[in-house]
Amino acid sequence: MDSLTQIVLGAAVGEAVLGKKVGNKAMLYGAIAGTIPDFDTFASHFTDTVTALEIHRGFTHSIVFSVVFAPIFGWLVSRWEKKASWKNWSWLFFWGFLTHPLLDAHTTWGTQLFWPLDLRLAYKNIFVIDPLYTLPFLVFVILAMRKKRTSPKRRKLNNLGLIISSAYMLLTLILKGITYQKFTDALQQQNIQYSEIETKPSPFNTILWTANVDTKDAYLIGHYSFFDAQPIQFTAYPKNHEWIEDLKEEENVQRLIKITKGWYTITKENEKLYLNDLRFGLLGFSPSAKNFTFSFQLEKKNGEVIITEKEKDTRDAKKLLSELWERILGN
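Quick note: the sequence shown uses numbering that gives the first Met the number 0, first residue 0, plus one each step.
Next comes the structure, spelled out in structure tokens:
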């Protein structure tokens, strides 16, 4: 999830663990704990594109990280914050670290909670930025912050924020189940043969959902809004996997394909080859949309395949927001 959401969750968890003893400092250190796992994003400044993708939401988003580093951060803070013990601060950091990846596991990218096992949890039931999850949660945290640390109302407000945000998360899982059934029914009605389907919400909401469908020679992408009146339509995107047959044995390419979980297409633009990660969709909702959210140029230089992420055009982002709103309102 986005940084603000993780800060809010961390603050609420800090309050629940230690707020009665140290007041707003529990929220402060909880917010810090909720932010620390995302320091892995700085890897992109020190390593290549593929390695940075592999590191993201890996070790720092694991149970191992929470167990090993919570006592260290707890000890450091206990050196100057004397109102609570080392054990108390360690417990706060443990839950601040752990709830971060537990939340991230609900997004499309997922998280390696059980690192070093090569297992990424990705429930794909919420977008990385969802105002309906974050804003009510933020309001309750702010209201709780304004109460005295010994006030029962403070704990009630904080607990309400945790309960409401968790209830919304549960609702998104229910919505995912409903839309999954809508998509599979549409595929059956249209006599479309497929081997696999995955669904996810579109940006910033859980009203409009997207399905990726694996067929023999192409991937199909369809959208469904709860306000739709017309049948679901699917647009085909050729896989073109054969275009990189001579590159598939390259280690970097194999690693990138593994990251995409096999959901990728190959396209050409100005004689350049691009591998597109299908899991994150396109920058548009019309059948003519062709710019993928994540595309990686494959370029062979001096016997080595160099992989670089394609820069996004800000005009595509503006177009996406416009089309998103229109599509949410129904087809």
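C-beta atoms are modelled at their ideal positions from N, C-alpha and C, and glycine is treated no differently.
Query: Minimum C-alpha distance to Thr264 - residue among Arg254, Glu248, Ala235, Phe284; Result: Ala235
Query: Assigned secondary structure, Pro230 (DSSP; H/G/I helix, E/B strand, else coil); Result: coil
Query: Extent of the continuous beta strand (DSSP E) to which Glu268 belongs; Result: 263-268
Query: Ala11 vs Val140 beta-carbon contact at 9 Å; Result: yes
Query: Contacts around Lys199, its chain only, beta-carbon distance under 6 Å, and the 5 residues preceding and following it disregarded; Result: Thr107, Lys123, Thr209
Query: Strand pairing of Ile206, partner residues [DSSP]; Result: In the DSSP output, where bridge partners are listed per residue, Ile206 has none listed.
Query: Residue-chain proximity (Ile265, chain B), Cβ-Cβ < 9 Å; Result: Chain labels in this structure do not include chain B; a single protein chain is all it has.
Query: Local Cβ density within 10 Å of Glu14, reported as buried at 16 or more and exposed below that; Result: buried
Query: Three-state secondary structure (DSSP) of Tyr193; Result: coil
Query: The segment 21-39 contacting the segment 223-232, beta-carbon criterion three pairs below 8 Å; Result: no
Query: C-beta contact flag for Val49 and Trp114 at 9 Å; Result: no
Query: For Lys86, the nearest candidate out of Ala69, Leu101, Leu97 (CA to CA); Result: Ala69
Query: Backbone secondary structure at Tyr167 - three-state DSSP; Result: helix
Query: Trp324 versus Glu195 - alpha carbon distance; Result: 28 Å
Query: N-terminal and C-terminal residue of the alpha helix (DSSP H) that Leu75 is part of; Result: 62-77
Query: Given Thr59 as reference, the closest of Glu241, Phe96, Gly73 once Cα atoms are compared; Result: Phe96
Query: Beta-carbon proximity of Gln5 to Arg56, cut-off 9 Å; Result: no
Query: Close Cβ partners of Arg254 (< 6 Å) along its chain, the five nearest in sequence each way excluded; Result: Val49
Query: Contact belief for Tyr218 with Leu277 at Cβ below 8 Å, rounded distance in angstroms; Result: 6 Å
Query: Rounded separation between Asn330 and Met144 - CA only; Result: 43 Å
Query: 8 Å Cβ shell around Asp37 - same chain, five flanking residues per side excluded; Result: Ser2, Gln5, Thr59, His99
Query: Proximity winner among Phe291, Leu102, Pro135, relative to Ile125 (alpha-carbon distances); Result: Leu102
Query: Assigned secondary structure, Gly13 (DSSP; H/G/I helix, E/B strand, else coil); Result: helix
Query: Proximity of Val7 and Leu137 at Cβ, strictly below 9 Å; Result: yes
Query: Distance, Phe279 Cα to Met0 Cα; Result: 14 Å
Query: Whole-number beta carbon distance between Ser89 and Gly73, since they are thought to touch under 8 Å; Result: 3 Å
Query: From Phe45, Trp94, Glu80, residue whose alpha carbon lies closest to that of Ile35; Result: Trp94
Query: Coarse secondary structure for Phe182, derived from DSSP in three states; Result: helix
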